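Since the structure comes first, as structure tokens, the remarks are kept for the end.
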Ligand SMILES: Nc1nc2c(ncn2[C@@H]2O[C@H](COP(=O)(O)OP(=O)(O)OP(=O)(O)O)[C@@H](O)[C@H]2O)c(=O)[nH]1
Ligand SMILES: [Mg+2]
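Given below as structure tokens:
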């Protein structure tokens, strides 16, 4: 007989670690207007008594003005204390936040004072780890916190926010509870063979196929999510002096790289993120492609070629005002089979090159990097190319990490095995093992079946103080 255990929550809970009190500087290193030192744990109240002096007593969720003092009672700074009483806090524990002036010395001394008051220095992501352990958020939301902090542009932030608000967990839980329902039905049939009828093979297969589709849809969000977060690689290539670096600067709206009328100005590749509608591009400026003799330029051209080979999209720039030379023709020919955009640049100087273009470059853009309308058309064309014709909905949660993608793939594979068993006409209860694997794999996403090693790996990505 197969015994099936559908454990609802095996959330890991390390009691020993949770009883101490942690502290960290929560703001970035360096000078700023304000620095925040955060303390969480049962001794937070004692720490507050040691380091904070004020006329009014601390009240939950109210900012109180006062002095921050060291263990000898000497003033380090004056500032605000915010008090959150557990469980109504980020971590679910008592939390004290000290807002001091943003000097590295003040922040450090404030932290040291909290340690003297009974806290210890927090590890990376330890506040969020405690929030997870306290059931304040599931693991996919905790990972979204790291992604939100790492987000360098709006779409990446929106995508992380969608996961932070539990959107991903909701989709995964839907599939997971359906697997649980099938498992329970199987369990009943196995445990009480005389009273419960064997679930019908064809109906079971139908249900599993529906779940499989959901998982396939979820897995497909991984690639889209990556485009939103990391951007698609776009190599700006072309012959020397075509205006590649000028284009990078113009798209970024910043004087990022050197530009000159001398051919061969750019040697190294330079990467910058460009935020677009619902996605982003990782633009790579490269050295002009030509047969070079100077050793440094040869090295630069090699880097340009490597960037062109690995980028998803080629953004080819040629001088459209003059007849194309051999270097320009070579790049155009080389990129014809690729996903690419072609810009015949320097329209303000003439149109000879554009007029003489090969029919293969029929769809090329003609304009100037100094012209706003050209840049707008380029941006729109890039967005369409990156999104692959579909509208990227950043509000729909994407799988955010390779770990999540892997867990969905494992669940999907297990469902496939179960379906193969059903199709082969083997006894129905044999699929229980595969379904249990699928159920557990999906549980890793929300963290309801996470172990300590997995949590260590996840929270190591975080910065200290979060
Ligand atoms: N008139 C005009 N000049 C342009 C245009 N685009 C670029 N230029 C000029 O062309 C020259 C070369 O520009 P770059 O951006 O350095 O060209 P590049 O392709 O990066 O050149 P390399 O780094 O040498 O490969 C500079 O003097 C730019 O100001 C344009 O649309 N019109
Ligand atoms: Mg250049």
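In my numbering, the protein residues as written are 15 to 480.
Where is the CB? At the ideal position from N, CA and C, for every residue including glycine.
Quantities reported herein were computed from a predicted structural model and do not represent experimental measurements.
Look up residue i in the DSSP assignment and give the residues it is bridged to.
i	result
residue 77	96
residue 247	296
residue 286	297
residue 380	358
residue 333	359
residue 66	82
residue 48	115
residue 253	Residue 253 pairs with nothing; no bridge assigned.
residue 109	54, 98
residue 398	Partner(s): none; residue 398 has no beta bridge.
residue 327	248
residue 138	478
residue 89	83
residue 37	53, 135
Measure the beta-carbon distance from residue i to residue j and round it to whole angstroms, keeping in mind my assumption that it falls under 8 Å.
i	j	result
residue 134	residue 36	6 Å
residue 312	residue 257	The Cβ separation is near 22 Å, so there is no contact.
residue 253	residue 345	6 Å
residue 74	residue 102	7 Å
residue 70	residue 78	6 Å
residue 176	residue 411	4 Å
residue 272	residue 259	7 Å
residue 155	residue 183	7 Å
residue 186	residue 460	6 Å
residue 153	residue 472	7 Å
residue 315	residue 303	6 Å
residue 389	residue 355	Actually they are not in contact, since the Cβ atoms of residue 389 and residue 355 sit about 12 Å apart, beyond 8 Å.
When the Cα of residue i is compared with those of the options, which residue comes out closest?
i	options	result
residue 171	391, 399, 289	289
residue 294	468, 326, 453	326
residue 300	279, 182, 223	279
residue 150	176, 100, 167, 47	100
residue 423	402, 132, 458	458
residue 203	320, 119, 445, 243	445
residue 384	370, 392, 187	392
residue 164	224, 363, 144, 415	415
residue 4	417, 480, 198, 478	Since the first residue shown for the chain is 15 and the last is 480, residue 4 is missing from the structure and cannot be characterised.
residue 181	142, 199, 157	157
residue 297	303, 275, 321, 308	321
residue 448	461, 426, 465	426
residue 14	431, 370, 401	The chain is shown only over 15 to 480; residue 14 falls outside these bounds and no answer can be derived.
residue 334	117, 42, 382	382
residue 396	138, 357, 34, 137	357
residue 420	140, 138, 229	229
residue 453	198, 142, 49	198
residue 81	112, 54, 319, 223	112
residue 55	276, 98, 329, 43	98
residue 200	222, 86, 173	222
residue 226	302, 430, 86, 249	430
residue 476	162, 169, 241	162
residue 367	314, 338, 361, 360	338
residue 120	142, 139, 96, 89	89
residue 142	117, 64, 38, 168	38
residue 139	160, 126, 329, 127	160
residue 232	360, 456, 434	456
residue 173	433, 242, 72	242
residue 43	117, 283, 318	117
residue 286	261, 309, 355, 352	261
residue 450	432, 125, 364	432
residue 240	169, 308, 284	169
residue 50	58, 41, 57	41
residue 217	64, 436, 62, 342	436
residue 234	33, 466, 413	413
TODO: Spell out a yes or no on whether the region 182-192 and the region 260-268 are touching, meaning 3 or more CB-CB pairs, one atom from each, closer than 8 Å.
DONE: no
- [ ] Determine contact between the region 133-147 and the region 437-452, defined as no fewer than three beta-carbon pairs at a distance below 8 Å.
- [x] no
Open item on the list: With a threshold of 8 Å, are at least 3 pairs of Cβ atoms found where one atom belongs to the region 104-114 and the other to the region 143-160?
Closed with: yes
Task: Any 3 or more C-beta pairs closer than 8 Å across the region 364-378 and the region 241-253 - done: no
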